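Residue numbering for the sequence shown is 1 to 170, as defined by UniProt numbering.
Some notes on the structure that comes next.
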Amino acid sequence: MSRTQAERVRKPRCCRGPQGLLPRYSESQAEGQEQLFKLTDNIQDEFFIAVENIDSYCVIISSKAVYFLKSGDYVDREAIFLEVKYSDLYHCLISKDHGKVYVQLTKRAVNSSSGVSMPGLSHQKPMVHVKSEALAVKLSQEINYAKSLFYEQQLMLRSSEHHEQLELDS
1 MSRTQAERVR
11 KPRCCRGPQG
21 LLPRYSESQA
31 EGQEQLFKLT
41 DNIQDEFFIA
51 VENIDSYCVI
61 ISSKAVYFLK
71 SGDYVDREAI
81 FLEVKYSDLY
91 HCLISKDHGK
101 VYVQLTKRAV
111 NSSSGVSMPG
121 LSHQKPMVHV
131 KSEALAVKLS
141 QEINYAKSLF
151 YEQQLMLRSS
161 EHHEQLELDS
């Protein structure tokens, strides 16, 4: 007796929505998660948050960084044309210039003598063209939300078995 295994109907995903619940299935979100895992070599501590497909490129928002990738069938690190880690991101804004709309990612400037991040004129401000203002607003909100989650995670106390064992011993 031979058993045949059913073919996968939809791509697997491992993401968390608000309050830690699994959000409604979305094929584009499942594909975005798959792309993120290809970019990060399946590192499980970087979680997928969202993906936005825009004409000639794609934006993948994770728990640690935002990736702007050239569109293509095969996604690897070579496809990334802009990567900004939230630890380097000051904020994400919408910028308009000559009737075109851009998402502007302001990176923190580091004062090399003290090693302290300081806002100022020396910020790096990469801008990416977006086809509509509504999409730019959505993208900016998603990136700023993911950045705030990143900083919230940095401030959380981590419980470890080692720490719990030390408390029991004292």
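Heads up, the beta-carbon is just placed ideally off N, CA and C, and yes, glycines get one too.
The structure presented is a predicted model; accordingly, all values stated were derived computationally and were not measured.
Within 8 Å, strictly: CB atoms of residue i and residue j
i, j, result
"Y86", "K64", "yes"
"A136", "V66", "no"
"I43", "V51", "no"
Residue i versus the options, residue with shortest Cα-Cα distance
i, options, result
"M127", "A146, I61 and C92", "C92"
"G32", "Y90, L69, A6 and D45", "L69"
"K138", "S26, V103 and D41", "V103"
"K96", "A134, Y90, V75 and Y57", "A134"
"F81", "F150, H129 and L149", "H129"
Enclosing beta strand (DSSP E) for residue i [first to last residue]
i, result
"K107", "K100 to K107"
"F47", "Looking at the DSSP string, F47 is not in any beta strand (DSSP E), and its letter there is neither H nor E."
"A6", "Neither: A6 is in no beta strand (DSSP E) and is coded neither H nor E."
"V66", "A65 to K70"
Anticipated Cβ contact below 8 Å, residue i with residue j, distance rounded
i, j, result
"residue 171", "L36", "The structure shown has nothing for residue 171, since the chain only spans 1 to 170."
"K125", "I54", "Their Cβ separation, rounded to whole angstroms, is 19 Å, which puts K125 and I54 out of contact at 8 Å."
"I94", "V84", "With a Cβ gap of about 16 Å, I94 and V84 do not count as contacting."
"E27", "R8", "Rounded, the Cβ-Cβ distance is 12 Å, inconsistent with contact."
Local conformation of residue i per DSSP, three classes
i, result
"K131", "coil"
"Y57", "strand"
"Y86", "coil"
Residue i - containing alpha helix (DSSP H), residue span
i, result
"A30", "E27 to L39"
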